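The numbers in numbering that gives the first Met the number 0 rise by one with no breaks, and the one at position 513 of the sequence shown is 512. All C-beta atoms, glycine included, are put in the ideal place defined by N, C-alpha and C. What you are looking at is a predicted structure, and each value in this text was computed from that prediction instead of being measured. One structure below.
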Amino acid sequence: MCSCGLEEFVCSQTQETNKIPYDYLSHKEKYERAVENVAVVFKCIHKIYEEMDGSNDAYRDTIVRFLKRTPCNDGSPVAVHILMFLPAILGQASAEQRAQWLPRAINANIIGTFAQDAAAPKPRPARPIDKSRTGLRHAHLVLPFFLNLQTELGHGTFIRGLETTATYDSKTKEFILNTPTLTSSKWWPGGLGHTANYCVVVAQLYINAKHYGIHSFMLQLRDEETHIPLPGVEVGNIGAKFGLNSVDNGFLRLKNVRIPRTHMFMKYAKVLECKDMDSSLLVLEKLKTDPESISRPESEKELDQDPNGKWDWNRGPEVQILDFNTQQHKLLISIATYYAFNSLADELSKVHEEVTLDLQKGSLLRLPELHALACCLKAICSSDTAACVEQCRLACGGHGYMSSSNLPIIYGMATAACTYEGENTVLLLQTARFLVKTWQAAKNREVLMSTVSYFAMFFEFRESFCWENSMDGIMRGFEIVAASHIDKCVKNIEKRMKSGMPYEDAWNLTSIQLVAAAEYTTISKQDIELLNHRYEELLTKIRPNAVGLVDAFDFSDDVLNSTLGAYDGRVYERLMAEALKSPLNAEPVNRTFHTHLKPLMRGKL
């Protein structure tokens, strides 16, 4: 059966399930529908797999194809099982372990997820507590249609700060897994909330009180028959998100959970079973790897080494994410934009008051100016605000994707402003009409209004203008750019009209230029380098005052309504508290386990 035929068959089998539009479902219902669709998809895949040569690659390729092309269009609860759990077994398990786990995982007798530390920077608490653990890591396993940000609640790029522990008990030949703090809770793995009953857990390994770095372990989360979480395992859904709400991204907390020695992934390293129970030790296999490659720091500031070139797992504090220039570049621009827009709003109010007084006196002279200013600022402020909100959301990493951060809601409100009360492109063209008309007045040496007085400067100084790396010089440069842009547009309109084209047609063909920006300065490469250096210095100077500048907005917690921006800075406690409110966490086992997942695992679809 070809891809199109398979897709049509799956869609026909899920029509009844998908009868109610997705947007009208609750968070809980979105997950349950996704599980029902998954069962149908796997039924089709198993049938096709039987018709193939039975190779693992063919099976994987078939599943990946369906994850992309089937009705689970808001993410799939089994995507991590396919894209990460199976590859983890293939890539990290020994031959004996693969023989034990892989067939069951391929046939969906067990469904797994992957609770590894990966790509999710954390927000710095707003105030006054300062305990951020943040950063960006590689995201090479993330596919466009699936969000897969696995991490600990309070841990991002700081590898040696990973808090989950695996302590070897040589007497019982078991590892004891613990998430000893709230911030060590695993957070984000797709399928962890309700779907998976197994999990790959990454933890710090300790043997006889000696630290051996980070290693991976296979952990059973739920009873295979009842799906009830096993003793010591606290697992649930992290709550609603910006999107991908069909995926039950989950949290995991472990308390003295014991697993066999053989459940440590042993392709690259293993704990030997020694006769002397007190001399158990970790042995690295002589393969194409080394301790560094197993858990390599991503940040240069994280790369503390001793004189012999070996990793020091315990030296040095974690760097706050706001101390990185890249993070300052994301956030401080947004803060500066707010203050700039606030000043612009005050100025526009003053112009409005002045024009109102003029109108009362019978003067309409400045009315076009007010209209042009209002149109321009509405368009620019709304579009820039939306961009800044999105930048702030991205700066919070995975937590910014959570609905409880309130950033998705704020972003939705900001983007809506780009179209209501006048669509932005139309408004910018309204401003452009005023500028073109005023440009003609400037060419005729007429008296100009203060907001466009720089037009006269352009005609007088454009040939002799030289870039100055100062505040006045930068402002003059922007004025030259703006004026030259209008000059170019007017010349294009005039050229088209001389060829016999009506004015409105000439205007329409020039409209893209009228909206877009032009470049016209004598700025040199050295000037750009100096500007960049000055910009970086300013970021460093503003950094100590960043929190105070935001506090000055004086939003109450009730108004802000965000787990990330509350006054007390208790980010992680609030995130967990909000997650526990999810209806999906009201019961330990969702009904779809009995109706769909269990038959799938037993091969009785």
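Taking the alpha carbon of residue i as the point to measure from, which residue in the options has its own alpha carbon closest?
i: LYS597; options: TYR30, HIS532 and ALA38; result: ALA38
i: PRO407; options: GLY242, ALA455, GLU493 and LYS487; result: GLY242
i: CYS374; options: LEU563, ALA431 and HIS80; result: ALA431
i: ALA268; options: ALA92, VAL558 and GLY399; result: ALA92
i: GLU577; options: GLY568, ASP168, LYS494 and ILE237; result: ILE237
i: HIS484; options: LEU513, CYS465, ASN507 and MET456; result: LEU513
i: GLY111; options: PHE216, LEU508 and GLU503; result: PHE216
i: THR608; options: THR384, LEU428 and GLN326; result: Since the displayed the chain opens at 0 and closes at 604, residue 608 lies outside it and no answer follows.
i: PHE458; options: TRP438, GLY472, PHE592 and SER469; result: TRP438
i: TRP187; options: TYR167, ALA104 and ASN244; result: ASN244
i: ASP168; options: CYS273, ASP553, ALA94 and GLY212; result: CYS273
i: LYS580; options: THR591, GLU224, GLY476 and ALA239; result: ALA239
i: GLY74; options: GLU95, GLU31 and ALA87; result: GLU31
i: LYS540; options: LYS46, ARG159, ASN324 and ILE44; result: ASN324
i: GLU223; options: SER183, ALA104 and LYS487; result: ALA104
i: MET600; options: GLY90, HIS226, LYS27 and ARG159; result: HIS226
Can you look up residue i in the DSSP assignment and give me helix, strand or coil?
i: GLN319; result: coil
i: LYS266; result: coil
i: LYS349; result: helix
i: SER498; result: coil
i: ILE648; result: The structure shown does not extend to residue 648, since the chain spans only 0 to 604, so no value can be given for it.
i: SER215; result: strand
i: ALA516; result: In this prediction, ALA516 has a pLDDT of 41, which is less than 50 and means its spatial position is unreliable; what the coordinates show is noted afterwards. It is coil, neither helix nor strand.
i: ALA92; result: coil
i: ALA576; result: helix
i: TYR197; result: strand
i: ARG103; result: helix
i: LYS597; result: helix
i: ALA202; result: strand
i: LYS487; result: helix
i: PRO230; result: coil
i: ARG260; result: helix
i: LEU135; result: Bear in mind that a pLDDT of 22 at LEU135, under 50, signals an unreliable position, so the model cannot answer this.
i: GLY74; result: strand
i: CYS10; result: helix
i: ARG569; result: coil
i: ARG590; result: helix
i: ILE19; result: coil
i: ARG365; result: coil
i: ASN255; result: coil
i: GLY547; result: helix
i: LYS329; result: helix
i: GLY308; result: With a pLDDT of 42 at GLY308, under the threshold of 50, the predicted position of this residue should be treated as unreliable, though the coordinate-derived value follows. Note: GLY308 maps to coil in three-state DSSP.
Give me the Cβ distance between residue i and residue j, rounded to the nearest whole Å; I'm assuming they're in contact under 8 Å.
i: THR450; j: LEU372; result: 7 Å
i: LEU538; j: LEU331; result: 6 Å
i: ILE409; j: LEU548; result: In fact, because the Cβ distance is near 18 Å, the residues do not count as touching under 8 Å.
i: ALA33; j: PRO76; result: 5 Å
i: GLN203; j: THR164; result: 5 Å
i: ALA208; j: HIS80; result: Going by Cβ atoms, the distance from ALA208 to HIS80 rounds to 36 Å, so no, they are not a contact pair.
i: LEU220; j: CYS198; result: 5 Å
i: ALA545; j: LEU321; result: 7 Å
i: GLU201; j: ALA114; result: According to the sequence provided, residue 201 is Val. The question's Glu does not apply to it. Sure, about 7 Å apart at Cβ, within 8 Å.
i: ILE479; j: TYR534; result: Contact flag wrong, Cβ pair sits at about 20 Å.
i: PHE464; j: ALA482; result: That pair is no contact at about 10 Å.
i: LEU434; j: ALA378; result: The pair is not a contact, with the Cβ atoms about 14 Å apart (cut-off 8 Å).
i: HIS193; j: ASN589; result: 5 Å
i: SER404; j: THR509; result: Their Cβ separation, rounded to whole angstroms, is 43 Å, which puts SER404 and THR509 out of contact at 8 Å.
i: PRO259; j: LYS172; result: 7 Å
i: PHE174; j: THR166; result: 7 Å
i: GLY189; j: VAL234; result: Not quite, the Cβ-Cβ distance comes to about 13 Å (not below 8 Å), so this is no contact.
The ligand ATP and residue i: does the residue's C-beta get closer than 7 Å to at least one heavy atom of that ligand?
i: GLY564; result: Within the structure as shown, the ligand ATP is missing, as the structure has no ligands at all.
Have a look at the DSSP bridge pairing and note the partners of residue i.
i: PHE250; result: TRP186 and GLY235
i: LYS442; result: According to DSSP, which records beta bridges pairwise, LYS442 is partnered with nothing at all.
i: LYS240; result: MET401
i: ASP168; result: GLU173
i: VAL37; result: Bridge partners of VAL37: none, in fact.
i: GLU151; result: HIS154 and LYS185
i: GLY111; result: TYR197
i: LYS209; result: ILE206
i: ARG221; result: PRO228
*Touching by the beta-carbon criterion (3+ pairs, under 8 Å), the stretch 387 to 407 and the stretch 354 to 370*: Segments in contact, no.
*Should the stretch 563 to 574 be regarded as contacting the stretch 412 to 420, the criterion being three or more beta carbon pairs within less than 8 Å?*
Counting Cβ pairs under 8 Å, fewer than three are found: no touch.
*On the three-pair Cβ rule with 8 Å, is the stretch 545 to 560 touching the stretch 342 to 349?*
With the cut-off at 8 Å, the stretch 545 to 560 and the stretch 342 to 349 do not touch.
*Is there contact here, the stretch 228 to 237 with the stretch 247 to 255, by at least three beta-carbon pairs under 8 Å?*
These segments touch.
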